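Numbering (our numbering), first residue to last: 24 to 332.
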């Protein structure tokens, strides 16, 4: 089942002309799913949402899903060059009262539809994250691969990430960061934790002493800080994220972030990583194996000035 039954149905969520068929937009809906939605909601949960599109108990969830897909799909359509516009929206064919959008028009339209779509996607994610056991979609979300895979990470929620780095549209931005978080955790944190990583991920036992629990709390905070800062640096370097006044956010098109901004997070992250290593050396928690001296010494790149663990 698709989320939209007709162009008239689509018009409830986005300003398009009646001649703009669903058949024309379908490839852009699929592209929006692949580019924006699957990385935040997850493929299995998105399929679950679509399957239950006619369920009354899912009404609010489906409403956000339709608004997100409609606006994100049209945001991609307007940049293809075939769209026509007038003051009321986007059309397929040209009449005397319409005009072909300039590059500036297309950029403004794309940004407008993208922002509306991402706001709806954020509402969707927050509704899922705030769901309770009596909500019909609670179980599907709580047990979805999208949620369960975050159990592999030191940072599992947007609120935990925001203890170190602010996020804009925190729910959807954090969800989209999984692959970067996983990469940084494996490449930067794991070698430093060296034997203590399992404890950092699973936590302490009820029977553990208070000093052991206190040490874990300090080490978890230190490792999470390093992970958040280094992931932010990597996200900005990749160019599909940007730092705005409201925080780090996913962006529609590739951007070139200023080197000094990337460097700021990289150096702060490396400092946090070094602080984690020093804390591990000091506390010597069970399972931790100190790194050989030559591997424990940070290396500074001679070209970029960035410290690399």
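The beta carbon of each residue, even a glycine, is placed where N, CA and C say it ideally should be. All values derive from a computational prediction rather than experimental measurement.
Query, Result
"Boundaries (first-last residue) of the alpha helix (DSSP H) holding residue 294", "282-306"
"Residue 161 (DSSP reduced to helix, strand or coil)", "helix"
"Through-space distance from residue 239 to residue 220, alpha-carbon basis", "11 Å"
"Three-pair Cβ contact test at 8 Å for the region 223-241 versus the region 271-279", "no"
"Start-to-end residues for the beta strand (DSSP E) that takes in residue 312", "Neither: residue 312 is in no beta strand (DSSP E) and is coded neither H nor E."
"Limits of the unbroken alpha helix (DSSP H) element including residue 66", "66-74"
"CA nearest to the CA of residue 147, picked from 85, 101, 136", "85"
"Residue interval of the alpha helix (DSSP H) (run including residue 226)", "Taken as a continuous stretch (DSSP letters only), residue 226 belongs to no alpha helix (DSSP H), as it is neither H nor E."
"Residue 270 - partner residues in DSSP beta bridges", "267"
"Reduced DSSP secondary structure (H/G/I, E/B, other) of residue 200", "coil"
"Same chain only: Cβ atoms within 6 Å of residue 325, ignoring 5 sequence neighbours per side", "Residue placement at residue 325 cannot be trusted, given a pLDDT of 34 that sits under 50; the coordinates are not used to answer."
"Residue range of the alpha helix (DSSP H) that includes residue 28", "It is not in any alpha helix (DSSP H) - residue 28 carries neither H nor E in the DSSP assignment."
"Proximity of residue 252 and residue 288 at Cβ, strictly below 7 Å", "yes"
"The ligand GTP heavy atom lying under 6 Å from the CB of residue 200", "Among the ligands in the structure shown, none appear at all, so the ligand GTP cannot be discussed."
"Per DSSP, the bridge partner or partners of residue 176", "Bridge partners of residue 176: none, in fact."
"Sequence-distant residues of the same chain with beta carbon closer than 7 Å to residue 192, five excluded per side", "141, 145, 272"
"Counted within 10 angstroms of its Cβ, other Cβ atoms place residue 80 as buried (16 or more) or exposed", "exposed"
"Span of the alpha helix (DSSP H) around residue 47", "45-55"
"Given residue 61 as reference, the closest of 245, 100, 167, 138 once Cα atoms are compared", "167"
"Under 7 Å between C-beta atoms of residue 101 and residue 129", "yes"
"Presumed contact (8 Å Cβ cut-off) between residue 241 and residue 302, rounded CB distance", "6 Å"
"Cross-strand partners of residue 253 (DSSP beta bridge)", "None; residue 253 has no bridge partner."
"Under the three-state DSSP convention, the category residue 329 falls into", "Model confidence at residue 329 stands at a pLDDT of 41, short of 50, so the residue's coordinates are unreliable; what they give is reported in the following sentence. In this structure, residue 329 counts as coil in the three-state DSSP scheme."
"Beta bridge counterpart(s) of residue 147 as assigned by DSSP", "The partner list for residue 147 (beta bridge, DSSP) is empty, contrary to what the question assumes."
"Chain D within 7 Å of residue 58, Cβ atoms only", "The question asks about chain D, but that chain is absent: this structure has only one protein chain."
"The region 248-265 / the region 183-191 touching (three or more Cβ pairs under 8 Å)", "yes"
"Start and end residues, alpha helix (DSSP H) containing residue 216", "213-216"
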